[in-house]
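Engineer: Each residue of the sequence shown is one higher than the last, beginning at 2 in our numbering. Glycine is no exception: its CB is placed at the ideal position from the N, C-alpha and C atoms. Because the structure is a prediction, the values reported are computed rather than measured.
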Amino acid sequence: MDGETSRTIDSWGALLVRSRDGDDLAFEELVRACERRVLTIAYQITGNLHDAQDVAQESFLRVYRSRDRFQDGRSFEAWLYRIVVNQARKSLARARRHRVDPLDERAAEVSVEGVGADPGAAAVSASVSAATMALLEELSPRLRSVFVLRDLQGMETAEVSRILGCAEATVRRHSAEARIRLRRLLEERHPGIQKKK
């Protein structure tokens with residue numbers, strides 16, 4: 002993590018502590034500060050913007066209700082993202098019972114960021130991103146969580162290990178397994194996409 006991100010995370014934890022100490026506006030600031038990242042992770046795991054919004058809302062409610070249990074000195078980011086991942090997994094379990102459209106155009110905008118100015122490259126990148134997001138449904142909740150946190154969000158292996166409560170070797174193994182599975186699925190279902198890159 003770079004210095005700016007580290008300072009941001011520190012300030013998130015400080016906002017939670019201020020909220021816990023009676024600062025009514027601190028929790029609103031906290032939500033505004035990290036809601037985009039929470040929503041992005043929730044969307045990347047659930048594959049559905051509506052579900053991701055529900056996950057984000059429920060996650061923030063749980064953070065608020067549990068703020069007295071947050072221990073100073075621990076990683077606020079790991080604590081927050083563990084809650085988000087757990088809520089997203091619960092959402093996936095509910096969605097398996099009655100599946101809705103997994104990807105809409107507005108949701109695709111959440112997952113496609115940092116595309117260069119070249120329209121051709123942007124189109125290919127958008128195609129790969131959309132195809133990958135749709136294929137994430139094929140992964141188990143554990144593989145999907147690891148792939149989202151480590152490969153899509155760029156978190157360090159140690160941080161993903163803390164968030165998911167598993168060994169770093171397990172994170173690396175699941176990440177590799179998810180990438181291999183997604184690559185095979187892309188080749189099977191979208192054979193022309195990777196060749197255009």
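Where do the ends of the alpha helix (DSSP H) carrying S162 lie?
Structural biologist: 158-165 is the span of the alpha helix (DSSP H), which, as asked, contains S162.
Engineer: For F61, which residues in the same chain have their Cβ closer than 7 Å to its Cβ, ignoring the five residues on either side in sequence?
Structural biologist: So the qualifying residues of the chain are V32.
Engineer: Let's see if you can read the secondary structure: which residues bound the alpha helix (DSSP H) around R63?
Structural biologist: Unbroken alpha helix (DSSP H) run through R63: 50-67.
Engineer: Buried or exposed for L26, going by 16 or more other Cβ atoms inside 10 Å?
Structural biologist: Burial call: exposed.
Engineer: So the candidates are E29, E30, F28, Q58; which of them puts its Cα closest to the Cα of T41?
Structural biologist: Minimum Cα distance to T41 is reached at Q58.
Engineer: What does the Cβ neighbour count give for D52, buried or exposed, with the cut at 16 atoms within 10 Å?
Structural biologist: When all chains shown are included, D52 counts as buried.
Engineer: On the DSSP letters alone, give me the boundaries of the alpha helix (DSSP H) that R37 sits inside.
Structural biologist: 25-47 is the extent of the alpha helix (DSSP H) around R37.
Engineer: Assign D73 to one of three DSSP states: helix, strand, or coil.
Structural biologist: Of the three classes helix, strand and coil, the one that applies to D73 here is coil, per DSSP.
Engineer: According to DSSP, simplified to helix, strand and coil, what is S146?
Structural biologist: Here S146 sits in helix by DSSP.
Engineer: Rounded to the nearest angstrom, how far is the Cβ of V172 from that of T158, given a contact under 8 Å?
Structural biologist: At roughly 5 Å, the Cβ-Cβ gap stays under 8 Å, so V172 and T158 are in contact.
Engineer: Taking only the alpha-carbon atoms, compute the straight-line gap between A94 and R180 and give it to the nearest angstrom.
Structural biologist: When rounded, the distance between both Cα atoms is 22 Å.
Engineer: Which of helix, strand or coil does DSSP assign to D152?
Structural biologist: Helix, per DSSP.
Engineer: My output table needs one value for E110: the three-state DSSP class, helix, strand or coil.
Structural biologist: Confidence at E110 is low in this model, with a pLDDT of 42, below 50, so its placement is unreliable and the value that follows should be read with caution. Helix.
Engineer: Which one of R70, S92, R182, L17 has the shortest CA to CA distance from Q54?
Structural biologist: Comparing Cα-Cα distances from Q54 to each of R70, S92, R182, L17, the minimum goes to S92.
Engineer: Taking the continuous alpha helix (DSSP H) assigned at A170, which residues delimit it?
Structural biologist: Here the alpha helix (DSSP H) through A170 covers 169-190.
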